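Step one of this worksheet: look at the structure below.
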Amino acid sequence: MLPNTLYVPELANTLISIGCLDNAGYTVTFGNGKAEIRYKDGTLMLTLDELHRHMGHISHRAAENLVRGGFVNGVALESNDAPQCETCIFAKMSRKPIPKVRKGERAKEFGEQIHSDVWGPATVESKGGKCYFVMFTDDHS
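In my numbering, the protein residues as written are 104 to 244.
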């Protein structure tokens with residue numbers, strides 16, 4: 104991981120700061136339309152899982168296709184090299200749907216019963232520095 108990196112959710116591409124890599128002791132070489140990033144000890148080898156993470160969590164199959172197609176060099180392909188990525192697992196999680204059949208009666212008047220849902224903290228703060236979201240729903244409406 105590179106220290107002092109910023110998150111830009113609207114950015115469509117993954118950016119890597121060459122200056123940050125250099126400050127962290129990595130070596131970056133450009134030539135023939137490619138860039139090589141070497142570890143501090145000079146090695147170039149990545150695992151398929153590291154490539155998956157470095158490329159913004161693309162599927163392991165897509166990462167493997169990049170290697171097999173010759174678009175990425177220095178990646179070790181092993182038969183058991185597709186471990187479960189915790190970030191991807193959490194991103195695919197979903198909750199059970201809310202039942203369509205209501206238990207109990209609705210409130211008879213506006214404001215008699217209010218439901219609330221708080222979400223947060225968000226990993227990125229709003230422009231105003233906020234990181235929570237709350238929603239209120241009137242049971243009568």
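The beta carbon of each residue, even a glycine, is placed where N, CA and C say it ideally should be.
These numbers were taken from a predicted model, which means no experiment stands behind them.
- Ser219 is bridged by DSSP to Phe239.
- Under the three-state reduction of DSSP output, Thr190 falls in the helix class.
- Considering only Thr226, His243, Gln187, Lys195, the residue with the shortest C-alpha distance to Arg205 is His243.
- Assignment of beta-bridge partners to Val178 by DSSP yields Leu149.
- Two segments are said to touch when three or more pairs of C-beta atoms, one from each, lie closer than 8 angstroms; by this definition the segment 206-220 touches the segment 228-240.
- Residues Gly223, Pro224, Ala225, Glu228 of the same chain have their beta carbon placed closer than 6 angstroms to that of Cys234, with the five preceding and five following residues left out of the count.
- Taking a contact to require three or more Cβ pairs closer than 8 angstroms, the segment 163-170 and the segment 128-136 do not qualify as touching.
- If you ignore the 5 residues before and after Lys211, its C-beta comes within less than 8 angstroms of the C-beta of His243, all in its own chain and listed in chain order.
- Residue environment for Leu180: exposed (fewer than 16 other C-beta atoms within 10 angstroms of its C-beta).
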